[in-house]
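Read top to bottom, the protein sequences are chains A and B.
The working numbering applies: residue 19 is where the first sequence begins, and numbers increase by one.
The working numbering applies: residue 19 is where the second sequence begins, and numbers increase by one.
Report on one structure; see the data block that follows.
2 protein chains.
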Amino acid sequence: MSSPLRIGIAGLGTVGRGTLQIIISQAKLIEQRCGKKIEVVGVSARNKHHNRGIDISHLQWFDDPMQMASDPKIDVVVEMIGGSEGVAKNLVEASLKAGKSVVTANKALIAHHGIELAKLAEKSGAVLAFEAAVAGGIPIIKALRDGLAANQFSRIAGIMNGTCNYILTAMWEQKRDFDEVLADAMAKGYAEADPSFDVDGIDTAHKLAILTSLAYACAPAIGEVYIEGIRRVTLRDMEFAAELGYVIKLLGITATTEGGILQRVHPCMVPTSSPLGSVSGVYNAVQVEGDSVGKVFFEGRGAGDGPTGSSVVADIMDIARGTVYKPFTLPVASLAALPFAKVDALQSSYYLRLSVTDKPGVLAEVTAIFKNENISLRSFIQRGHAPGEAVELVLTTHEALELSMQKAIAAIAKLDIVRAQPTMIRIENI
Amino acid sequence: MSSPLRIGIAGLGTVGRGTLQIIISQAKLIEQRCGKKIEVVGVSARNKHHNRGIDISHLQWFDDPMQMASDPKIDVVVEMIGGSEGVAKNLVEASLKAGKSVVTANKALIAHHGIELAKLAEKSGAVLAFEAAVAGGIPIIKALRDGLAANQFSRIAGIMNGTCNYILTAMWEQKRDFDEVLADAMAKGYAEADPSFDVDGIDTAHKLAILTSLAYACAPAIGEVYIEGIRRVTLRDMEFAAELGYVIKLLGITATTEGGILQRVHPCMVPTSSPLGSVSGVYNAVQVEGDSVGKVFFEGRGAGDGPTGSSVVADIMDIARGTVYKPFTLPVASLAALPFAKVDALQSSYYLRLSVTDKPGVLAEVTAIFKNENISLRSFIQRGHAPGEAVELVLTTHEALELSMQKAIAAIAKLDIVRAQPTMIRIENI
Chain A
19 MSSPLRIGIA GLGTVGRGTL QIIISQAKLI EQRCGKKIEV VGVSARNKHH
69 NRGIDISHLQ WFDDPMQMAS DPKIDVVVEM IGGSEGVAKN LVEASLKAGK
119 SVVTANKALI AHHGIELAKL AEKSGAVLAF EAAVAGGIPI IKALRDGLAA
169 NQFSRIAGIM NGTCNYILTA MWEQKRDFDE VLADAMAKGY AEADPSFDVD
219 GIDTAHKLAI LTSLAYACAP AIGEVYIEGI RRVTLRDMEF AAELGYVIKL
269 LGITATTEGG ILQRVHPCMV PTSSPLGSVS GVYNAVQVEG DSVGKVFFEG
319 RGAGDGPTGS SVVADIMDIA RGTVYKPFTL PVASLAALPF AKVDALQSSY
369 YLRLSVTDKP GVLAEVTAIF KNENISLRSF IQRGHAPGEA VELVLTTHEA
419 LELSMQKAIA AIAKLDIVRA QPTMIRIENI
Chain B
19 MSSPLRIGIA GLGTVGRGTL QIIISQAKLI EQRCGKKIEV VGVSARNKHH
69 NRGIDISHLQ WFDDPMQMAS DPKIDVVVEM IGGSEGVAKN LVEASLKAGK
119 SVVTANKALI AHHGIELAKL AEKSGAVLAF EAAVAGGIPI IKALRDGLAA
169 NQFSRIAGIM NGTCNYILTA MWEQKRDFDE VLADAMAKGY AEADPSFDVD
219 GIDTAHKLAI LTSLAYACAP AIGEVYIEGI RRVTLRDMEF AAELGYVIKL
269 LGITATTEGG ILQRVHPCMV PTSSPLGSVS GVYNAVQVEG DSVGKVFFEG
319 RGAGDGPTGS SVVADIMDIA RGTVYKPFTL PVASLAALPF AKVDALQSSY
369 YLRLSVTDKP GVLAEVTAIF KNENISLRSF IQRGHAPGEA VELVLTTHEA
419 LELSMQKAIA AIAKLDIVRA QPTMIRIENI
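Pasting the structure below:
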């Protein structure tokens, strides 16, 4: 057995603690599987005396995590601070510059600055690893990089935010509205005090940009992700979805289109019986489509000390074994500058819910607009009958161009008979 | 770029051809992702002039695949011949002895002789890789070895034979019996001319023994797998399963029990809505349970040129990149000699279908036997009412000891009122 790999953990929140816990409790198994010991030698966090239910008294305490980057006793810095800027970024940069390998679960940092960091890693020969940044315990980054490396990918679709999936699942199961369930989730600690990163789709976008970069060997392009969160998803739409054989999920989807790669995050109706449609609660899942392998589906816990810690420690074990790879599969200089498409160019099926005045000719007015935009309807449901009053009209379309659909919605919204802003949800038949 | 990695492919059946095809068509992508070229320099098969739809005229032809083992122009031998003995075994042994790395999809060979081969690989410093041996395109071996390496595993359960899953799916969807669907599958080429390896569960057992060895870091113990195939599964049982909320699947399951590790392959009733219950047709799926990560589920195509070729080429790419690992996660000398349990020690729930004479006291006779064996019933269904004639009685149990269940079945079979051998299917609430 060679000399141990010495770890410094910066940040002792849920994942930092989970990582420490696994390294300590599985020490023997890890040593066997790597051929060397992995030892945590130092830790850093905001409050030294906070009770974490784990003894850190024998570990060196760093008041300033930046000191880890220059400490010769540390081989690998595990960055568990979070945030795309500030201390997390400074620490990762300094560590890589000093030739120390870095393992992180920080999706915001990798999505925004992954390429600069990968360059630093290349320069110093350090490893930059971030399996834990996407979909917690699911080894999806290693799958794209190693297990499915012989494929050209045409599509990735995933449920990558446990908070959103929990909220959507709870809304449906408990027949409650978004605001109520969110408040409940915040009270229980399932959602952050500021839940906007999660519910507005930003966290999913970070993860999607990372997966896209690995699948297409390009730089993460977070600015090229179309993002829509789940705040506007209603129980009413869930009920109609169920009637149509669908369930509403927040998906991150990247696919090859004629105009380039299209990255998008938004609520989708997916078939209830599909693998992604069956993922409930805090679980995450990713479906990948490769030209040789076809569809491969991965499901597991997307957050928490154990699952995310499992991925962090797997990355550390790779370093201990000397596994060789590039953070974004290719050297930075070889990454492609690929064209990205706008959501306007999307070809999709759509669900549209309208509140209209119940009078003769309503459907004729609406369908004339669709005809005008060359959109073909697939089904419609009118709920209720109350002459002169508001009734609900639900339409689904065959595949159509997003831009045409947006124009149709704008035109429909202006009709006298339409009483509220139409609700549109994209349908993904995956 | 360094000098190319030179490949010899022995065997040009479905997977051999698929491998060749991917290496040729994805040459540029593979070179970029590995940092070196992968070149097929030689091939071997039974018939040189067979039309394979792929040009092999520029490749060296080996009449005897054994020559590949000693040819200095070949770095890696891809063994696609199949079978646990004979040419396949001789070729892999000779190649590893000569220091050539070997990639194979041969589950029978690895399940029976993996340890001897791993020893040869260790001795010569060659790589022995077999991602394609289990579950086709799903990178489950790499997941156990790398992505989930920080976990202690307590359970693996998988649908790992596409032929069986196709037959079971078709029986249910087409409402046809096993023999009919099998004949049809053979006619269409979905099942082998001799289907017994598949339908009798042997192929699944090979794959399960390999996964067990990776998860528990022990030698593959194919002799310790309890095996039951799908020949006795009837449409009638599928109908009762559906009524109870289950679907019948051939599973391979390894789990930690009090008496040791229990490996078993048999038809199971699994909840229709569970991830494994939703896997249909030729798809494969594996669910892994680790102490940190919890449940992780993988689904994808289990066979075919593309999916299995995808895994073969991924292994070759690992070799090109110089990825370091042991075939069974640990050096052979460090593999554990773990105790294995017999199926008698299984704790499971059971489904039992009886054909009984419809007369008063039937249920009392049957339930007395269960009481005697300390087995608690969960539900029963009596179908039909025909005094003095045969009716069906379906029982399900709470969790009970397999040995007790076997005793109860033997006793029930001897009752005068029981008209046919009882049908028992284990229930897995996963």
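Beta carbons: idealized from backbone N, C-alpha and C, even for Gly.
Predicted model, so just to flag it, every value in this text is computed and none were measured.
Of the other Cβ atoms in all chains shown, fewer than 16 fall within 10 Å of the Cβ of W79 (chain A); this residue is therefore exposed.
Secondary structure note for I56 (chain B): its beta strand (DSSP E) is the uninterrupted segment K54 to S62. In this structure, G322 (chain B) sits near G154 (chain B), with a CB-CB distance shorter than 8 Å.
If you look at T375 (chain B), you'll find it in the beta strand (DSSP E) that goes Q365 to T375.
Residue environment analysis places H131 (chain A) among the buried positions, since at least 16 neighbouring C-beta atoms fall within 10 angstroms of its C-beta.
Taking C-beta atoms as the reference points, R371 (chain A) and A408 (chain A) fail to come closer than 8 Å.
Straight across, the Cα-Cα distance linking I393 (chain B) with M84 (chain B) is about 57 Å. Within chain B, the residues placing a beta-carbon under 9 Å from that of E149 (chain A) are G165, ordered along the chain. For V95 (chain B), there are no neighbours in chain A by C-beta distance under 8 Å, as the nearest C-beta there is about 18 Å away.
None of the residues of the stretch 176-206 of chain B has a beta carbon lying less than 8 Å from any beta carbon of chain A.
Between R173 (chain B) and E307 (chain B), the C-beta spacing is below 8 Å.
DSSP places S292 (chain A) outside any alpha helix (DSSP H), giving it a letter other than H or E. Put simply, of A:V380, A:H284 and A:S328 the residue whose alpha carbon is nearest the alpha carbon of N183 (chain A) is A:H284. Rounded to the nearest angstrom, the gap between the Cα atoms of N69 (chain A) and R401 (chain A) is 56 Å. Contact residues of the stretch 319-332 of chain B toward chain A are R319, G324, P325, G327, S328, V331 and A332 (C-beta to C-beta distance below 7 Å).
In the displayed model, M86 (chain B) falls within a helix according to three-state DSSP. Neighbours of N169 (chain A) across chain B, judged by C-beta separation under 7 Å: S328.
Between N169 (chain B) and S328 (chain A) the beta-carbon gap is near 6 Å, inside 8 Å, which marks them as a contact.
Contact of S296 (chain A) with chain B by beta-carbon distance below 8 Å involves S291, P293 and S296. For a Cβ distance threshold of 7 Å, residue set D164 of chain B lies close to D336 (chain A), ordered along the chain.
When only Cα atoms are considered, A139 (chain A) and A126 (chain B) end up about 42 Å apart. For M287 (chain B), the closest C-alpha among the options B:I48, B:T441, B:V110 and B:N65 is that of B:T441. Between G100 (chain B) and G324 (chain B), the gap from beta carbon to beta carbon reaches 8 Å or more. If you draw a straight line from the Cα of E198 (chain B) to the Cα of S292 (chain B), it is about 28 Å long. From the listed residues B:M178, B:F171, B:L109 and B:A426, the smallest Cα separation to L146 (chain B) is found for B:L109. Residue environment: S20 (chain B) is assigned as exposed (fewer than 16 neighbouring CB atoms within 10 Å of its CB, all protein chains considered). Just so you know, the alpha carbons of P405 (chain B) and D376 (chain B) end up roughly 5 Å apart. Considering only beta carbons, the part of the stretch 217-240 of chain A lying closer than 8 Å to chain B consists of A235, in chain order.
Secondary structure in the stretch 141-178 of chain B: no alpha helix (DSSP H) run of 4 residues or longer lies completely within the stretch. Assignment of beta-bridge partners to Y264 (chain B) by DSSP yields B:P289.
M442 (chain A) is bridged by DSSP to A:L370. Note that the stretch 348-357 of chain B does not touch the stretch 343-361 of chain A; fewer than 3 beta-carbon pairs, one per stretch, sit closer than 8 Å.
Each residue's CA atom was taken as its position, placing G60 (chain B) and G26 (chain B) some 5 Å apart.
Counting the other CB atoms within 10 Å of its CB gives Q44 (chain A) a total of 16 or more, which places it among the buried residues.
Residue burial annotation: K206 (chain A) is exposed, with fewer than 16 other C-beta atoms found within 10 angstroms of its C-beta. By the criterion of a C-beta distance shorter than 6 Å, I248 (chain A) is surrounded in its chain by C182, V217, L268 and P285, once the five residues flanking it on both sides are discounted.
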